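Novice: When you number the sequence shown by this note's numbering, it's gap-free, plus one each residue, and the end is 634. Positions of the beta carbon are idealized from the N, C-alpha and C atoms, including for glycine. Computed from a predicted model, the values in this text were never measured in an experiment.
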Amino acid sequence: MKESESISHCRAGVTDGFARARAIEWFEAVNLRLSEGGIVKFSPKGFSMWPVIRPDTDTVYISRTAEYSRSDIVLAFCEHPRGVFLHRISQVLPDGVILMGDTNLYQTERCRYADVIGKIVGIERDGYEVSGSVMNRLAALMQRMPAPMRRLYVKCLNMYLKIEHYGR
């Protein structure tokens, strides 16, 4: 994606005070750039959106948009729990959205529309655009599946993740 500005990312959803302050500072810098009409690119941290987004490997491109829908992956600051999250919209509410990471079984975040600053418009892996890949479409579909089916999918995904990345 051209005409994007790279802003280094810190770990989202952190609980320690210093790291939280850095995440909020980073979020505000991204929000400022997006409000100027730009596109921001960064390499996300954490495994909550794996395998759609691979931490420290993929580059995501975020842009401001007026509309959000279920299954969009958005960048938001949430109060419950407090933090910066790059997660998928699982529910659209009249006053905001409920977010959930693809590998999360139960944890959700509730955000007001004003706290959602942009959505992913591209994912790059090894120099290739992978936003429309089969894996990404499958993950979006799984987010819409009934809870028992989604739990089975996420448990299998998490088991594979532990074996592949942690050797357990």
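Cα separation between G512 and R610?
Specialist: Between G512 and R610, the C-alpha separation is close to 22 Å.
Novice: Is it a yes or a no for the region 557-564 touching the region 485-496, going by three-plus beta-carbon pairs under 8 Å?
Specialist: Cβ pair count under 8 Å is below three, so no.
Novice: Measure the CB-CB distance between A532 and C577 and report whether it falls below 7 Å.
Specialist: Contact: no.
Novice: Going by the beta-carbon positions, is the gap between E590 and T525 smaller than 7 Å?
Specialist: Contact: yes.
Novice: Counting only the same chain and skipping the five closest in sequence on each side, list residues whose C-beta sits under 7 Å from that of N570.
Specialist: Answer for N570: S514, listed in chain order.
Novice: Is the distance from the Cβ of K507 to the Cβ of Y527 below 7 Å?
Specialist: Yes; because the gap between Cβ atoms is below 7 Å, this pair is in contact.
Novice: Can you tell me which of L623, R486, K628 puts its alpha carbon nearest to the alpha carbon of P517?
Specialist: Measuring from the Cα of P517, the nearest candidate turns out to be L623.
Novice: Use the C-beta contact count for V636: other C-beta atoms within 10 angstroms, 16 or more gives buried, fewer gives exposed.
Specialist: This structure cannot settle anything about residue 636, because the visible part of the chain is limited to 467 through 634.
Novice: On the premise that V540 lies in contact with G598, defined as a C-beta separation below 8 Å, what is that separation, rounded to the nearest angstrom?
Specialist: Wrong, their Cβ atoms sit about 17 Å apart, outside the cutoff.
Novice: Can you tell me which of P521, R616, D592 puts its alpha carbon nearest to the alpha carbon of M420?
Specialist: With the chain covering 467 to 634 only, the question about residue 420 has no answer from this structure.
Novice: Is V550 buried or exposed, if buried means 16 or more other CB atoms sit within 10 Å of its CB?
Specialist: It is buried - the Cβ of V550 has at least 16 other Cβ atoms within 10 Å.
Novice: Just tell me which of M608, R530, V582 has its CA closest to the CA of Y568.
Specialist: The question names Tyr, but residue 568 in the sequence shown is Asp. For the residues M608, R530, V582, the minimum Cα distance to D568 belongs to M608.
Novice: For M601, which residues in the same chain have their Cβ closer than 8 Å to its Cβ, ignoring the five residues on either side in sequence?
Specialist: Cβ within range, chain order: P517, V518.
Novice: Starting from L604, trace the alpha helix (DSSP H) both ways and give me its first and last residue.
Specialist: Start and end: 600-609.
Novice: Measuring CA to CA, which of V582, T574, I555 is closest to S529?
Specialist: Checked all of V582, T574, I555; the closest Cα to S529 is V582.
Novice: Could you work out which residue in P547, E545, L552, R548 is closest to S537 when comparing CA atoms only?
Specialist: It is L552 whose Cα lies nearest to the Cα of S537.
Novice: Would you kindly work out how many angstroms separate the C-alpha atoms of D592 and P521, rounded to a whole number?
Specialist: In a straight line, the C-alpha of D592 is about 13 Å away from that of P521.
Novice: Out of curiosity, what's the CA-to-CA distance linking H546 and T574?
Specialist: Between H546 and T574, the C-alpha separation is close to 8 Å.
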